[in-house]
Amino acid sequence: MSVNLTLLLVMGVLFAIGIYLLLERSLTRVLLGLMLLANAVNLLLLATGGYAGLAPIFNKDIPAAEFNDPLPQAFILTSIVISFAVTAFMLSLIYRSWLLSRADHIQDDREDRRVATQDLFDAEEDSEIAVEVSDFHENDHPAASREMIPGVTLKKTVRPGPHPERTDNA
Numbered sequence: 001m002s003v004n005l006t007l008l009l010v011m012g013v014l015f016a017i018g019i020y021l022l023l024e025r026s027l028t029r030v031l032l033g034l035m036l037l038a039n040a041v042n043l044l045l046l047a048t049g050g051y052a053g054l055a056p057i058f059n060k061d062i063p064a065a066e067f068n069d070p071l072p073q074a075f076i077l078t079s080i081v082i083s084f085a086v087t088a089f090m091l092s093l094i095y096r097s098w099l100l101s102r103a104d105h106i107q108d109d110r111e112d113r114r115v116a117t118q119d120l121f122d123a124e125e126d127s128e129i130a131v132e133v134s135d136f137h138e139n140d141h142p143a144a145s146r147e148m149i150p151g152v153t154l155k156k157t158v159r160p161g162p163h164p165e166r167t168d169n170a
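For the sequence shown, the UniProt record's numbering gives the first residue as 1, with consecutive numbering after it.
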């Protein structure tokens, strides 16, 4: 099976432009990028189908090697339906964004900028923890004798005991 060079070049250009447009801040350009990527994927699926052949209708007189593979065609149809749904969803997002802010350009949020400039060390996630931290079993060992990961202090937890009987008449 030889691949058509023109089809590969068109596919590469569509992928490149589609990915470039996906990286933009404008929702309209993101939509165009998604549409170009969907078309590039359709061409890729078409190229995987091989040479054009006869329709995949069974006939005893025609050898199986002359039939066209129907699976890539089914994948292309599925890809068209999915890309249509994604396009409709993106159009609704663009319309909603236009109604709310009269722009389709997504701006940086203060929280996005804060997260981008923060240190890589997170005290909560990067703290050292005890080896035994299960809540599903009783731990009779005192905290000082447990195997610990350095730098972690255990918090004292209050375990609820039996509830006292209510004395007031409610």
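Glycine residues also receive a C-beta, built at the ideal position from the N, C-alpha and C atoms.
Sixteen is the threshold: since fewer than 16 other Cβ atoms of the shown chains lie within 10 Å of the Cβ of ALA85, the residue is exposed.
Between ASN68 and ALA55, the beta carbon gap of about 7 Å places them in contact (Cβ cut-off 8 Å). The residue among ALA103, VAL13, ILE94 and ALA38 with its C-alpha nearest the C-alpha of VAL81 is ALA38. The straight-line gap separating the alpha-carbon atoms of HIS105 and ALA47 is approximately 36 Å. The beta carbon of ASN4 sits closer than 8 Å to those of ALA47, all from its chain and outside the five residues before and after it, given in chain order. Straight through space, the alpha carbons of ALA116 and SER97 are spaced by roughly 24 Å. Between ALA40 and LEU14, the CB-CB gap stays under 8 Å. Boundaries of the alpha helix (DSSP H) harbouring PHE89: 70-101, taken from the DSSP string.
For GLY53 and LEU8, the gap between their C-alpha atoms comes out near 20 Å. Boundaries cannot be given for GLU66, as no alpha helix (DSSP H) includes it and DSSP labels it neither H nor E. Taking all protein chains shown into account, GLY50 has fewer than 16 neighbouring C-beta atoms within 10 Å of its C-beta and is therefore exposed. When C-alpha distances from ALA16 are compared across ASP61, LEU36 and GLN107, the shortest belongs to LEU36. Across the structure, TYR20 and ILE57 are spaced so that their CA atoms are roughly 41 Å apart. In terms of Cα proximity to GLN73, the closest of LEU44, SER92, ALA65 and PRO63 is LEU44. Taking the CA atoms as reference points, GLU111 sits about 36 Å from GLY12.
Ranked by Cα distance from SER26, the first of SER101, ARG113, ARG114 and LEU120 is SER101.
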